[in-house]
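Asker: Have a look at this one.
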Amino acid sequence: MMSDDMADADAMPMSDDMPMMDSAAAGQAGSGEGSVTEINEAEGKITIDHGPIAAVGWPAMTMAFSADEDSMDKVAVGDRVTFEFQTTEGGGGELTAIAKQ
Numbered sequence: 001m002m003s004d005d006m007a008d009a010d011a012m013p014m015s016d017d018m019p020m021m022d023s024a025a026a027g028q029a030g031s032g033e034g035s036v037t038e039i040n041e042a043e044g045k046i047t048i049d050h051g052p053i054a055a056v057g058w059p060a061m062t063m064a065f066s067a068d069e070d071s072m073d074k075v076a077v078g079d080r081v082t083f084e085f086q087t088t089e090g091g092g093g094e095l096t097a098i099a100k101q
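Residue numbers (UniProt numbering): 1 to 101.
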């Protein structure tokens with residue numbers, strides 16, 4: 001989870017026992033469940049605190065996903081959501097679908 005004192009809101013905390021995000025190749029599809037913790041319209045990102053996503057080898061974490069305006073309009077901070085995404089180069093993700101639970 002992200003701490004309040006992190007300088008970069010898009011940074012993801014890493015620990016020695018957490019695998020690096022780039023274990024998932026760009027273009028892999030995945031889906032998960034979690035809670036929206038931030039919506040940054042200026043950067044086009046939705047931050048989600050989600051559980052493990054086995055399909056792409058990700059542990060539970062909080063991370064920012066690239067999102068289009070339609071996706072950002074569907075949810076609010078605090079919403080429990082289900083989501084689908086594609087992995088991107090550098091270990092990130094781009095939302096392809098998001099819905100409130």
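Don't be surprised by glycine CBs; every beta carbon is placed ideally from N, CA and C.
This structure is a prediction, so every number in the text was calculated from the model and none was measured.
(1) Kindly confirm or deny that the region 76–84 and the region 54–61 touch, where touching means at least three C-beta pairs closer than 8 Å.
(2) Which of the three DSSP states is assigned to residue 75 in this structure?
(3) Which word fits residue 95, buried or exposed, when buried means at least 16 other C-beta atoms lie within 10 angstroms of its C-beta?
(4) Does the beta-carbon distance from residue 44 to residue 69 come in below 9 Å?
(5) Mapping DSSP to helix, strand and coil, what is residue 41?
(6) Would you call residue 14 buried or exposed, if buried means 16 or more other Cβ atoms sit within 10 Å of its Cβ?
(7) Spell out the partners DSSP gives residue 64 in its beta bridges.
(8) Is the beta carbon of residue 49 less than 9 Å from the beta carbon of residue 30?
Answerer: Once the coordinates are examined:
(1) Contact between the region 76–84 and the region 54–61 is absent, because fewer than three Cβ pairs lie under 8 Å.
(2) Collapsing the DSSP output to three states places residue 75 in coil.
(3) Buried is the call here.
(4) When the beta-carbon positions are compared, residue 44 and residue 69 come within less than 9 Å of each other.
(5) In the three-state reduction of the DSSP assignment, residue 41 falls in the coil class, being assigned neither a helical nor a strand state.
(6) Caution is warranted here: a pLDDT of 40 is assigned to residue 14, below 50, making its placement in the model unreliable, and the coordinate value is therefore given only provisionally. Result: exposed.
(7) Residue 64 is bridged to 47.
(8) Residue 30 is positioned such that its CB atom lies no closer than 9 Å to that of residue 49.
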